[in-house]
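So the sequences go chain by chain: H and C. Residues 166 to 499 (the working numbering) make up the first sequence, in order. Residues 166 to 499 (the working numbering) make up the second sequence, in order. By construction, the Cβ of each residue, glycine as well, lies at the ideal position given by its N, Cα and C atoms. Below is one structure, written out as structure tokens, with a few remarks after it.
There are 2 protein chains.
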Amino acid sequence: MNSQFPTYGLSELRTALLRKDMLSVVRDAFIRHAQSGVVAPEPGELLFSDPPGDCHIKFGYFKGGAVFVVKLAIGFYENPMKGLDTNNGLVLVFDAKTGKTIAVLNDEGWLTSWRTAAAGALAAKAGAPSSVTALGIIGTGHQAELQARWASESLGTQRVVIWGRDLAKSARLANNLSQQGLTAMAVKDVGELFAQCNVVITCTPATAPLVPAAMVRPGTHIVAMGADSVGKQELDPNIFARATVIMTDDHAQCLGHGEFCHAVTAGLVSSTADISLGQVLAGQARGRLSEEDITIVDLTGLAAQDVAIATLAIELIQSRSIEGGRKASEGTHR
Amino acid sequence: MNSQFPTYGLSELRTALLRKDMLSVVRDAFIRHAQSGVVAPEPGELLFSDPPGDCHIKFGYFKGGAVFVVKLAIGFYENPMKGLDTNNGLVLVFDAKTGKTIAVLNDEGWLTSWRTAAAGALAAKAGAPSSVTALGIIGTGHQAELQARWASESLGTQRVVIWGRDLAKSARLANNLSQQGLTAMAVKDVGELFAQCNVVITCTPATAPLVPAAMVRPGTHIVAMGADSVGKQELDPNIFARATVIMTDDHAQCLGHGEFCHAVTAGLVSSTADISLGQVLAGQARGRLSEEDITIVDLTGLAAQDVAIATLAIELIQSRSIEGGRKASEGTHR
């Protein structure tokens, strides 16, 4: 017979998961993915129109790994008007040898946010010039805040510049980040951001280019992560024609959606012009050849990231429970 | 903020769900599906080789419905050697207007078994001749037992004939069914089954035809449900060339896998030779034109069935809880 499984909530996940551990396992996940060490079929997608929403389902496992993971990330974009969070999510962890349920992580979408933040921070570092003038963040939402915090740390800069279509939101985020110890400012024009920053992360739900190619100076490194579905786009495809290094998290996925596909479709670059971010993180390829290069990372999100974070969460929570149990048990002997 | 959600286990589901209610909502689900009233993208599939296993992920919602459903059905085929059940599963139910988690149904795979049993019973009736001599079941597993019980009731026959590759298993199932009030017998040869039965349900994991076309007599109705993945097959494709009515649960899915695709690929029938089971259940098409027809239903499994059963389960359990709560609350006023 099957038994009940534990459900762990957001507070347990927040306590268990440290940023450095998440960066470490997500880095490992990109490398495994690049080395064909992950089984991850095409993700599922369920779309809603009234009200607008989506549910992305990613699933997979590390070859030889102890678990498999099914991850749901849900967004309903009019929720804030109802006083509800936009995001929700669940991560389900199963035994890869028996199919039995190990745990449900009721992460409310946070594990996806964190693994995406980790990917952005790793990608920002992977192609950054040797001297980072400032980190530019295009976008003002929840992921923009995480990117500012995580990537500024990985790049070793305190200077963050924010641009979004709504200046009030940009100013609010900059103010929020300043209170967290960063030197953050909002700018009115995206050109100002590119004038100040040589590492730029885009994290918006845009469906048309926000970043014109002419604004991108030599020596700039761009990480684009907003285009997680067909129909989304953040970068002018002409930037790809000027780039020396193009990194993708997954070649096929970035040809299906993301930014790379737009440049390929426009005939600006060959469909094999990209290298894998995992190869760069493994030290098998270079993310930047010279200080004057324009470099790009196109991130669309990998099941491998979800497998990595969920595996880490389970290990940490369970070892803590055993530790807790041991202490409690020692207590009774006194 | 998001709140915790309830998890309902198998005992609650068993108590709440009655066979007649499940038949009713699954019938409705087939009709909705045929009338384009269901949003159900292509299901996900995760395969394992060491040990062999699979995880099927179906997801969807009824247009205008209050919930969306993500259903996982997991099978690990060497589990019995370890003293574990082969099947596991979880059904996740979300609010289709906000994306919030309504409940997790820890059904251990039973909701999939039941909705499949309901589909078989409805499909058996949809093309059955007016006088059923006996119900033939090809297969000896868990679903074979459910089919024998559910379809014999829908057909109004007590007579069940079992054939499987392992005669001992066939005999065990026949004995088991006899103890449940059916007149069941096991036969050594599949030809004996076709000699006695004019409604036959196949529910095996076969990867090569078990049912030779020459054995199928005029007036026979066949329901094939075993081929739920690419590479599986139960029927000789030549049966399709002899059939007057071919029903599929989903046209595209049955062209991708199932039985219909083998007949189409072999050039025995046109790729548009099928009608939808939902149309027949809605009374918009006939499942049998004459008593001498050979008729076939090809079932591959629909997310609509999962949505239907999960919605029913939630409604029944929650109305019961409210009822229980009301009683408890009345109690405190005494």
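Rounded to the nearest whole angstrom, the CA to CA distance from Q444/H to G202/H is 13 Å. With a minimum length of 3 residues, the unbroken runs of beta strand (DSSP E) contained wholly in the region 329-356 of chain H fall at 348-351.
When Cβ-Cβ separations below 8 Å define contact, I479/H makes no contact with chain C. Using a CB distance below 8 Å, the part of the region 254-283 of chain H facing chain C consists of L255, L257, F259, A261, K262, T263, G264, K265, T266, V269, N271, E273, ordered along the chain. The C-alpha of A378/C lies about 14 Å from the C-alpha of N363/C. Taking 8 Å as the cut-off between beta carbons, the residues of the region 210-234 of chain H near chain C are E210, L211, L212, F213, P216, G218, C220, I222, F224, G225, Y226, F233, in sequence order. Counting C-beta pairs with one atom in each stretch, the region 383-395 of chain C and the region 435-442 of chain C have fewer than three that are closer than 8 Å, which means they do not touch.
Residue T277/H holds the alpha-carbon nearest to the alpha-carbon of A473/H among T277/H, K262/H, T251/H. DSSP places G421/C in the uninterrupted alpha helix (DSSP H) bounded by 416-421. Remark: C-beta atoms of T305/C and L338/C approach each other more closely than 8 Å. Within chain H, Q169, F170, T172, V269 have C-beta atoms less than 9 Å from the C-beta of T172/C, given in sequence order. The way I'd put it, the region 244-264 of chain H does touch the region 224-235 of chain H; three or more beta-carbon pairs between them come closer than 8 Å. Not a single CB atom of chain C sits nearer than 8 Å to the CB of G202/H. If you look at F170/H, you'll find it isn't in any beta strand (DSSP E); DSSP assigns it neither H nor E.
Identification of chain H residues near K247/C by a Cβ-Cβ cut-off of 8 Å yields T263, ordered along the chain. Considered as a whole, the region 228-280 of chain C harbours 232-241, 252-260, 266-270 as its complete beta strand (DSSP E) runs of no fewer than 3 residues, in chain order. Nearest to Q449/C by C-alpha distance, out of F241/C, M412/C, N244/C, is M412/C.
With a cutoff of 8 Å on beta-carbon distance, D471/C and K223/C are scored as near each other. Across the structure, C419/H and T385/C are spaced so that their CA atoms are roughly 51 Å apart. Under DSSP, A389/C forms a beta bridge with T367/C, D463/C. With a cutoff of 8 Å on beta-carbon distance, H416/H and T465/H are scored as not near each other. Contact note: G240/C reaches chain H through G264, using a C-beta cutoff of 8 Å and chain order. Partner residues in a beta bridge of R314/H, as assigned by DSSP, do not exist.
Residue Q398/C holds the alpha-carbon nearest to the alpha-carbon of E424/C among Q398/C, A447/C, A408/C. For L237/C, at least one C-beta of chain H is nearer than 8 Å to its own C-beta. Apart from the 5 residues on each side of it in sequence, L320/C sits with its Cβ closer than 7 Å to the Cβ of A289, K290, A293, V297, L300, V364 in its chain, given in chain order.
Within chain C, the residues whose beta carbon sits less than 8 Å from that of P206/H are G209, E210, L211, listed in sequence order. In the three-state DSSP reduction, L182/H falls in the coil class, being neither helix nor strand.
By the C-beta criterion, the region 475-485 of chain C is judged not to be in contact with the region 205-217 of chain C, since fewer than 3 inter-stretch pairs fall below 8 Å.
For the pair L287/H and V191/H, the CB atoms are nearer than the 8 Å cut-off. One finds T263, G264 in chain C with Cβ atoms closer than 8 Å to the Cβ of N244/H, taken in chain order. Just so you know, the alpha carbons of K353/H and P206/C end up roughly 41 Å apart. At a Cβ-Cβ threshold of 8 Å, L270/H and Y173/H count as neighbours. In this structure, the beta-carbon distance from A373/C to L347/C does not fall below 8 Å. In this structure, the straight-line span from the alpha carbon of P370/C to that of L178/C is close to 27 Å.
In the three-state scheme derived from DSSP, where H, G and I count as helix and E and B as strand, L375/H is classed as strand.
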